[in-house]
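Undergrad:
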Amino acid sequence: MTAKPTLTQLAQQLGAELRLVPGADADQSVSGLSTLQDAEPDQASFLASANYRRFLSGTRACAVLLSEELAGECPVTALVVDDPYHAFACATAIFDIAPRPAPGIHPAATVHPDAEVDASASIAAGAVIEAFARIGAGVRVGANCVVGECSEIGAGSRLYAGAVVYHGCTIGRDCVIHSQAVIGADGFGFAPHRRQWTKIHQLGGVEIGDEVEIGACSCIDRGALGNTVIGRGVKIDNQVQIAHNVRIGDYSAMAACSAVAGSATIGKHCTLAGGAGVIGHISVADGSHITARTLVTKSIDSTGSYSSGTPFSDSRSWRRNAVRYGQLDQMARRLKELEKRLESLVHREGTED
Amino acid sequence: MTAKPTLTQLAQQLGAELRLVPGADADQSVSGLSTLQDAEPDQASFLASANYRRFLSGTRACAVLLSEELAGECPVTALVVDDPYHAFACATAIFDIAPRPAPGIHPAATVHPDAEVDASASIAAGAVIEAFARIGAGVRVGANCVVGECSEIGAGSRLYAGAVVYHGCTIGRDCVIHSQAVIGADGFGFAPHRRQWTKIHQLGGVEIGDEVEIGACSCIDRGALGNTVIGRGVKIDNQVQIAHNVRIGDYSAMAACSAVAGSATIGKHCTLAGGAGVIGHISVADGSHITARTLVTKSIDSTGSYSSGTPFSDSRSWRRNAVRYGQLDQMARRLKELEKRLESLVHREGTED
Amino acid sequence: MTAKPTLTQLAQQLGAELRLVPGADADQSVSGLSTLQDAEPDQASFLASANYRRFLSGTRACAVLLSEELAGECPVTALVVDDPYHAFACATAIFDIAPRPAPGIHPAATVHPDAEVDASASIAAGAVIEAFARIGAGVRVGANCVVGECSEIGAGSRLYAGAVVYHGCTIGRDCVIHSQAVIGADGFGFAPHRRQWTKIHQLGGVEIGDEVEIGACSCIDRGALGNTVIGRGVKIDNQVQIAHNVRIGDYSAMAACSAVAGSATIGKHCTLAGGAGVIGHISVADGSHITARTLVTKSIDSTGSYSSGTPFSDSRSWRRNAVRYGQLDQMARRLKELEKRLESLVHREGTED
Numbered sequence: 038m039t040a041k042p043t044l045t046q047l048a049q050q051l052g053a054e055l056r057l058v059p060g061a062d063a064d065q066s067v068s069g070l071s072t073l074q075d076a077e078p079d080q081a082s083f084l085a086s087a088n089y090r091r092f093l094s095g096t097r098a099c100a101v102l103l104s105e106e107l108a109g110e111c112p113v114t115a116l117v118v119d120d121p122y123h124a125f126a127c128a129t130a131i132f133d134i135a136p137r138p139a140p141g142i143h144p145a146a147t148v149h150p151d152a153e154v155d156a157s158a159s160i161a162a163g164a165v166i167e168a169f170a171r172i173g174a175g176v177r178v179g180a181n182c183v184v185g186e187c188s189e190i191g192a193g194s195r196l197y198a199g200a201v202v203y204h205g206c207t208i209g210r211d212c213v214i215h216s217q218a219v220i221g222a223d224g225f226g227f228a229p230h231r232r233q234w235t236k237i238h239q240l241g242g243v244e245i246g247d248e249v250e251i252g253a254c255s256c257i258d259r260g261a262l263g264n265t266v267i268g269r270g271v272k273i274d275n276q277v278q279i280a281h282n283v284r285i286g287d288y289s290a291m292a293a294c295s296a297v298a299g300s301a302t303i304g305k306h307c308t309l310a311g312g313a314g315v316i317g318h319i320s321v322a323d324g325s326h327i328t329a330r331t332l333v334t335k336s337i338d339s340t341g342s343y344s345s346g347t348p349f350s351d352s353r354s355w356r357r358n359a360v361r362y363g364q365l366d367q368m369a370r371r372l373k374e375l376e377k378r379l380e381s382l383v384h385r386e387g388t389e390d
Numbered sequence: 038m039t040a041k042p043t044l045t046q047l048a049q050q051l052g053a054e055l056r057l058v059p060g061a062d063a064d065q066s067v068s069g070l071s072t073l074q075d076a077e078p079d080q081a082s083f084l085a086s087a088n089y090r091r092f093l094s095g096t097r098a099c100a101v102l103l104s105e106e107l108a109g110e111c112p113v114t115a116l117v118v119d120d121p122y123h124a125f126a127c128a129t130a131i132f133d134i135a136p137r138p139a140p141g142i143h144p145a146a147t148v149h150p151d152a153e154v155d156a157s158a159s160i161a162a163g164a165v166i167e168a169f170a171r172i173g174a175g176v177r178v179g180a181n182c183v184v185g186e187c188s189e190i191g192a193g194s195r196l197y198a199g200a201v202v203y204h205g206c207t208i209g210r211d212c213v214i215h216s217q218a219v220i221g222a223d224g225f226g227f228a229p230h231r232r233q234w235t236k237i238h239q240l241g242g243v244e245i246g247d248e249v250e251i252g253a254c255s256c257i258d259r260g261a262l263g264n265t266v267i268g269r270g271v272k273i274d275n276q277v278q279i280a281h282n283v284r285i286g287d288y289s290a291m292a293a294c295s296a297v298a299g300s301a302t303i304g305k306h307c308t309l310a311g312g313a314g315v316i317g318h319i320s321v322a323d324g325s326h327i328t329a330r331t332l333v334t335k336s337i338d339s340t341g342s343y344s345s346g347t348p349f350s351d352s353r354s355w356r357r358n359a360v361r362y363g364q365l366d367q368m369a370r371r372l373k374e375l376e377k378r379l380e381s382l383v384h385r386e387g388t389e390d
Numbered sequence: 038m039t040a041k042p043t044l045t046q047l048a049q050q051l052g053a054e055l056r057l058v059p060g061a062d063a064d065q066s067v068s069g070l071s072t073l074q075d076a077e078p079d080q081a082s083f084l085a086s087a088n089y090r091r092f093l094s095g096t097r098a099c100a101v102l103l104s105e106e107l108a109g110e111c112p113v114t115a116l117v118v119d120d121p122y123h124a125f126a127c128a129t130a131i132f133d134i135a136p137r138p139a140p141g142i143h144p145a146a147t148v149h150p151d152a153e154v155d156a157s158a159s160i161a162a163g164a165v166i167e168a169f170a171r172i173g174a175g176v177r178v179g180a181n182c183v184v185g186e187c188s189e190i191g192a193g194s195r196l197y198a199g200a201v202v203y204h205g206c207t208i209g210r211d212c213v214i215h216s217q218a219v220i221g222a223d224g225f226g227f228a229p230h231r232r233q234w235t236k237i238h239q240l241g242g243v244e245i246g247d248e249v250e251i252g253a254c255s256c257i258d259r260g261a262l263g264n265t266v267i268g269r270g271v272k273i274d275n276q277v278q279i280a281h282n283v284r285i286g287d288y289s290a291m292a293a294c295s296a297v298a299g300s301a302t303i304g305k306h307c308t309l310a311g312g313a314g315v316i317g318h319i320s321v322a323d324g325s326h327i328t329a330r331t332l333v334t335k336s337i338d339s340t341g342s343y344s345s346g347t348p349f350s351d352s353r354s355w356r357r358n359a360v361r362y363g364q365l366d367q368m369a370r371r372l373k374e375l376e377k378r379l380e381s382l383v384h385r386e387g388t389e390d
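In structure tokens form, the structure reads like this:
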């Protein structure tokens, strides 16, 4: 469904004010979106960050989404909006070419007779829907996905090829779950016993709110007792690991390779950058921002930005400094000793300067 | 199979001493398990850590698994055991509601005529069992799993939906392999040649002992020459990466996102916390504990706990300190110079104090 | 296809000079490859690193691939080559026993009538080929793989069981994609709007060059606008994450668990060691080497080796030093203050020494 709206239609759909340059045609159709630098004359573009302002004057786009302040600089037709980045996001939905499968159950899918699949849902080839699973209206289950017993997929959600939902999990409405994501595998729980491990069967489930997106190869484990809970509007990137009984607050976002250990609680509106980690049984305050690769090892009580790690450098300098890291405590003691000795020396000499 | 044992039956199954509070009924059925705080009156609970002792007096559970020392404080029926955490683990097996598929090959599964599948095994829809694979007694292969040529799954093992075992791999008895885990993909081996890479075909396999659990999206590569070997009773969490020719000793445990590079050897009874890493061609002594995100870069010869990394803090303080990290060697030299100068100054002045 | 070449044939295929020891038979067949230490008398071995030279004298291999310089020390038949490691890599191809599926579409595969599958390609059970996908000559698509609409798999490429290629992606010739790898999932793009997230639909695709290998559970996201591009001959290990609009230059290699954030550019002939990371919107110069777990936070302009992180130690020492890390800036200031005070003291006292 490659829509080709006219400039007028596009403005209308985005709530933008259309300011045509002389010679422009409000009925010109727009074939797609591109950056200011790469746009062809049949594509629209956007200016959402000062970093790209320098590309505005040279753009070949037929129209540019931008703010009132910068509209005057626009050499082509302007689509003036309050928030150009948000307007751009809305525009991408218009031009999205992702396949939209037709409703119905593919003959090569396997739907258990005790499962309930809404007539408007689409179940692709190779998908397996197990007993008592419920698939809501307009849901699209991709090829070779598996939805386990008694699990529920809310209306409008989409599972891409190969995603797996274990038994007894609940996915909200309008969620997107990418390929190879795993919802509801066992949490990692074992009791040590005679130098071996006794499995703690994971009796809880997973509960995912509405409008959640979960990236490829991400894992959200089921709870040990009680559920693992992902709040409304949470966005999770690829290869993210969320352990049993974690709670992620509404509208938080977790970039690729971030991880949260068992029973930790992440507040609302938090962002975890790529590779950030949170250890188990702690909590992170609403609105916290954790920078890339930071490991949070204690509860965070107040909103803010938090970091750990060392800067990178050429390996040779790094090696010299890294060796000193192992001497830091000793260095600190020597520093203190020096201060004491100098103090006593100065004291003996009389007042300094 | 939601079992509902009576208190008497539960005590019996767990080897616990039943101490009924006045008014309690030994024939009351127990419907499940919960924490001390959340338990409903038809649920049992447990007290395994001093941290939760404060919740004991207020619990509504019908019975609590705990040790002799704390039994006197228990306001409800006590189930007295030597090791409450282990007893709790055993109890979770009783209340586990994970679906138990019936034996047989689903009509939508594909089993190669040259494969051997035990009559008591269960092969779910969409699973593919390739030529000469052998599936043991009571094995449960989940939907859309793939077991490659000549691979073998030992009796009692369970593969959850979408798990993949390549050709020529051996999985022991009573193993659990979660969704999207990959056993036996090629190790990462390439010889540099004229600024390109020549593939080193990976001729070995993977050999997994009995009672091993492997988490979702974890990868265990096949050996280059000879096998990658996972010992008996090893427990591996999600998104763990084990490279070619690694050996993991019996009963070691690896938390999520940990990784071991090629040809490294991890001893028995080791624990790697979340995100821990071990570089290639080194060995880690039996019983070592590697803390979260630590990167082990040299062999560890003696049992102990090992760590690396920096503490986290607010980003502003972190930035100030991180910059200094790049000056550490220079700081160490300046410190030494100061010591020398002070020494010489003191020496010139005569004895200090 | 377990080839058993004779020594003469093996030498011929590898371009090696055969130097028979007395009593050896040039027509002896070689059954496989092993290390110098483990080789049985019917196996060949290789010596490619000085570290293993000590095993040469005791080897039981029937022949050893080695260089002219070491040929004199070889107690068994020598296969003399310029580059023993490369010759070994070539030899592994000869002895590879990975199953070679026959051409044809398995009856349990689902190929859309509008897809184009070359007659010489092999499509395994449970694989799903969607509309307008094109599968080239000799391609082998493993069990339960999914190739999305309009995607293209170049001649000679192999997808292992469960790999997923989304719609609109192009894979070059002679690529290898391992199980659970995901090519073309949505990049992680959301515009903040009224404390919620508006999805930026990802309108680009993925473009993968010839002779690329991609490991198990690795993810290469589709571009937001324009493509994510993986150059020719790039080798990617397991659990690697490549975000939208990244570009990886020809013949670069990325070890397991490495990650590159959005719109970053990695040059040609780079190597990223295990767990290395590169943040978004920066570039890394051709030929750079990033060591294990290093996080690259700024563009790298010149070839070299780059590192970050701290050395590991026993947890007790580590804890002492880690605490000091949080005091580093303060220590640096105190050091500077000491230098000033000492300077002024010396100055007051007259010249030092």
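Residue numbers (this note's numbering), protein chains in the order written: chain B, 38 to 390; chain G, 38 to 390; chain U, 38 to 390. A virtual CB, placed ideally from N, CA and C, is assigned to each residue, including glycine.
Residues in its own chain within less than 6 Å of U:V165 by CB, not counting five upstream and five downstream?
TA: T147 and V183
Undergrad: Chain U beta carbons: is any one of them nearer than 8 Å to that of B:Q233?
TA: Put simply, the CB of B:Q233 is far from chain U, with every gap to its CB atoms at 8 Å or more.
Undergrad: Kindly indicate if chain B contains any beta-carbon less than 8 Å away from that of G:A261.
TA: no
Undergrad: Is it buried or exposed, U:V266, if we count other Cβ atoms within 10 angstroms and call 16 or more buried?
TA: buried
Undergrad: List the residues of chain G whose Cβ lies closer than 7 Å to the Cβ of U:R330, in chain order.
TA: Residues of chain G with a Cβ closer than 7 Å to the Cβ of U:R330 are, in chain order, G314 and L332.
Undergrad: So, using beta-carbon positions, are G:F169 and U:A293 closer together than 8 Å?
TA: no
Undergrad: Considering B:R56, what are the terminal residues of the beta strand (DSSP E) in which it resides?
TA: Run containing B:R56: E54 to R56, per the beta strand (DSSP E) assignment.
Undergrad: How would you list, in chain order, the residues of chain G whose beta-carbon sits under 8 Å from the beta-carbon of B:Y343?
TA: F349, S350, D351, S352 and W355
Undergrad: Does the pairing of the segment 213-223 of chain B with the segment 257-275 of chain B give three or more beta-carbon distances under 8 Å?
TA: Contact between the segment 213-223 of chain B and the segment 257-275 of chain B is present, because at least three Cβ pairs lie under 8 Å.
Undergrad: Evaluate G:P78 with the Cβ neighbour count: other Cβ atoms within 10 Å of its Cβ, from every protein chain shown; 16 or more gives buried, anything less gives exposed.
TA: exposed
Undergrad: Report yes or no: is there a C-beta of chain U within less than 8 Å of the C-beta of G:D223?
TA: yes
Undergrad: Taking the continuous alpha helix (DSSP H) assigned at G:A135, which residues delimit it?
TA: First-last for G:A135: undefined, no H or E at that position.
Undergrad: When you compare the CB of B:L73 with every CB in chain G, is at least one pair closer than 8 Å?
TA: no
Undergrad: Could you tell me whether any Cβ in chain B is nearer than 8 Å to the Cβ of U:K41?
TA: no
Undergrad: Taking any Cβ of chain B, which residues in the segment 105-134 of chain G have a Cβ under 8 Å from it, in chain order?
TA: D120, Y122, H123, F125, A126, C127, T129, A130, F132, D133 and I134
Undergrad: For U:M38, which residues of its own chain have a beta-carbon under 7 Å away from its beta-carbon, when the five flanking residues on both sides are left out?
TA: Unreliable positioning characterises U:M38 in this predicted model, as indicated by a pLDDT of 43, which lies under 50. The coordinate reading is nonetheless provided below. For U:M38, where only same-chain residues beyond five positions count, the Cβ hits under 7 Å are R137.
Undergrad: Is there contact between the segment 371-384 of chain B and the segment 348-358 of chain B, where contact requires at least three CB pairs shorter than 8 Å?
TA: Result no; under three Cβ-Cβ pairs closer than 8 Å.
Undergrad: Hey, is B:D390's beta-carbon within less than 8 Å of any beta-carbon in chain U?
TA: Low confidence applies here, because B:D390 scores a pLDDT of 47, under 50, leaving its location unreliable; read the following figure in that light. It does; some Cβ of chain U falls within 8 Å.
Undergrad: Could you list the residues in the segment 180-207 of chain U with a C-beta less than 8 Å from some C-beta on chain B, going in chain order?
TA: Of all residues in the segment 180-207 of chain U, only N181, V183, G185, E186, G199, V201, Y203, H204 and G205 come within less than 8 Å of chain B when Cβ atoms are compared, listed by chain position.
Undergrad: Of all the residues that make up the segment 144-169 of chain G, which are near chain B by a beta-carbon distance shorter than 8 Å?
TA: Closer than 8 Å at the C-beta level to chain B, one finds these residues of the segment 144-169 of chain G: A145, A161, A162 and G163.
Undergrad: Under 8 Å between C-beta atoms, does B:S339 make it to chain U?
TA: no
Undergrad: Kindly indicate which residue of G:A280, G:A108 and G:R269 has the alpha-carbon position closest to the one of B:A232.
TA: According to the sequence provided, residue 232 of chain B is Arg. The question's Ala does not apply to it. Among G:A280, G:A108 and G:R269, the Cα nearest to that of B:R232 is on G:R269.
Undergrad: Measure the Cβ-Cβ separation of U:L102 and U:L116 and say whether it is below 8 Å.
TA: A contact, by the Cβ cut-off of 8 Å.
Undergrad: So, with DSSP's three-state summary, where would you put U:I131?
TA: helix
Undergrad: Using a Cβ-Cβ distance cut-off of 8 Å, determine whether B:G173 contacts chain U.
TA: no
Undergrad: Going by beta carbon distance, what residues of the same chain come within less than 7 Å of G:R56, once the five residues before and after it are set aside?
TA: Only A108, T114, A115 and V117 meet the Cβ criterion.
Undergrad: Could you list which residues in chain C have their beta carbon closer than 9 Å to that of G:M368, in chain order?
TA: The question asks about chain C, but that chain is absent: this structure's protein chains are B, G and U.
Undergrad: Using beta carbons (cut-off 8 Å, strictly below), is U:Y362 in contact with chain B?
TA: Judged by the 8 Å Cβ criterion, U:Y362 is in contact with chain B.
Undergrad: Between G:G246 and U:S345, what straight-line distance do the alpha-carbon atoms span, to the nearest angstrom?
TA: 37 Å
Undergrad: Please report the straight-line C-alpha distance between U:A253 and U:S216, rounded to a whole angstrom.
TA: 5 Å
Undergrad: Select from B:P121, B:F227, B:V201 and B:S300 the residue whose C-alpha is nearest the C-alpha of G:T129.
TA: B:F227
Undergrad: How long is the line joining the alpha carbons of U:E374 and B:D351, rounded to whole angstroms?
TA: 29 Å
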